[in-house]
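Numbering (this note's numbering), first residue to last: 1 to 97.
We treat Cβ as the ideally placed atom computed from N, Cα and C, and that holds for glycine.
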């Protein structure tokens, strides 16, 4: 099995001083958008929320949790996930009554 790094024949830059300015700017905008999840010890920028009994397994970036511009979307996403679960539970309760 091969991964992208083997295909590129080099490891990706992690520190900003190792990147070209254009790539650094692109990387910063992706991270700030909250859509990029970095999973490279010790540079992890997200948390996992896992509740197997409810079939919930998501990753939420540091920016989605802490950036006031993104927090509303994060809160709405979590409310939507749990609202669907609550509806499933209510329908199950109706079925067993």
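Helix or strand or just coil, what does DSSP make of residue i?
i	result
residue 38	coil
residue 96	helix
residue 26	helix
residue 11	coil
residue 91	helix
residue 19	coil
residue 53	helix
So, under 8 Å CB-CB, residue i and residue j are touching, yes? Tell me the CB distance rounded to an integer number of Å.
i	j	result
residue 64	residue 34	4 Å
residue 45	residue 37	7 Å
Excluding five sequence neighbours on each side, which residues of the same chain lie with their C-beta closer than 6 Å to the C-beta of residue i?
i	result
residue 97	none
residue 72	none
residue 19	13
Among all the DSSP beta bridges, which residues are the ones paired with residue i?
i	result
residue 47	60
Apart from the five residues just before and just after residue i, which ones in its own chain have a Cβ nearer than 8 Å to its Cβ?
i	result
residue 40	14
residue 81	56 and 58
residue 32	63 and 67
residue 74	34, 60, 64 and 65
Can you find the residues in the same chain that come closer than 7 Å, C-beta to C-beta, to residue i, ignoring five residues on each side of it along the sequence?
i	result
residue 1	For residue 1, the pLDDT reaches just 44, beneath the cut-off of 50, and the residue's location in the model is therefore unreliable, although a value from the coordinates is still provided. The answer is none, since no qualifying residue turns up.
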